[in-house]
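Just so it is clear: in the sequence shown, position 128 is 133 by the working numbering, and no numbers are missing. What follows is a single structure, written as structure tokens, with notes after it.
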Amino acid sequence: MAAYDAVIEIPKGSRNKYEIDHETGRVYLDRVLFTGFVYPTDYGFFENTLGLDGDPVDVLVLLDYPLFPGVGLSVRPVGVFNMTDDGGSDAKVIAVQAKDPRWAHIQDIDDVPEYTRKEIEHFFEHYKDLEPGKWVKTEGWGNAAEAEQIIIDGIAKLKAEGH
């Protein structure tokens with residue numbers, strides 16, 4: 006599996022939803038989650054991609070310690086959590102740091118501990134519950150090959166749209 010550049014927007018354990026302005030590079034507070042939930046992993050996006058929702062392809066990075074918003078790193082996709090929300094199709098690629106030997110045993114989604122997968126699924130099923138007009142429909146898990154294809158498609162979509 007190839008490695009791809011990702012940027013963290015939200016550290017694990019945060020209720021703050023940050024977004025990076027892709028023109029200025031500045032990190033903005035989008036909102037504080039309406040529920041008492043915190044992000045179960047570091048959350049960000051793949052550079053130079055465009056997802057089906059019009060934003061860069063999302064990534065959840067499994068790490069031992071949370072990173073700061075704006076930190077970039079090389080990651081390897083191991084799976085994908087498929088979902089749709091009020092903004093359309095919104096797949097979340099699951100990844101690990103590409104060259105960290107502590108994560109070398111995680112090669113595909115079935116290698117991610119079941120409890121970690123349940124935490125991710127529960128978070129995304131309910132994190133918008135108290136936000137008026139917002140909804141989420143979860144659609145299950147996909148493997149590493151499916152995750153990588155989402156990234157490849159996101160790179161192609163960005164190029165096709167002339168960015």
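Ideal Cβ placement from N, Cα and C applies to all residues, glycine included.
Within the stretch 46–124, no alpha helix (DSSP H) run of at least 4 residues lies entirely inside it.
Taking every protein chain shown into account, the CB of Gly49 has 16 or more other CB atoms within 10 angstroms, so this residue is buried. Thr29 sits exposed, since fewer than 16 C-beta atoms from the chains shown fall within 10 Å of its C-beta. Glu14 is classed as buried because its beta carbon has at least 16 other beta carbons within 10 Å across all chains shown. In this structure, the straight-line span from the alpha carbon of Glu130 to that of Val83 is close to 21 Å. In the DSSP annotation of this structure, Lys164 is not part of any beta strand (DSSP E); the continuous alpha helix (DSSP H) holding it starts and ends at Ala149 to Ala165. In the DSSP annotation of this structure, the continuous segment of the beta strand (DSSP E) that includes Tyr9 starts and ends at Tyr9 to Ile15.
Proximity to Leu68 across Ile125, Asp60 and Arg107 peaks at Arg107, based on C-alpha coordinates. Below 8 Å, too few C-beta pairs join the stretch 17–35 and the stretch 136–148 to call them touching: fewer than three. Across the structure, Gln154 and Leu72 are spaced so that their CA atoms are roughly 26 Å apart. One Cα belongs to Arg36, the other to Glu24, and the distance between them is close to 9 Å. With contacts defined by Cβ atoms closer than 8 Å, Ile114 and Ile99 form a contacting pair. By the C-beta density criterion, Gly77 is exposed, having fewer than 16 other C-beta atoms within 10 angstroms. In this structure, Gly93 lies near Asp58, with their beta-carbon atoms less than 8 Å apart.
When secondary structure is reduced to three states using DSSP, Glu136 falls in the coil class, being assigned neither helix nor strand. Pro118 and Ile111 have their C-alpha atoms roughly 9 Å apart. Of the candidates Gly56, Asp47, Lys142 and Tyr9, Asp47 places its Cα closest to the Cα of Val66.
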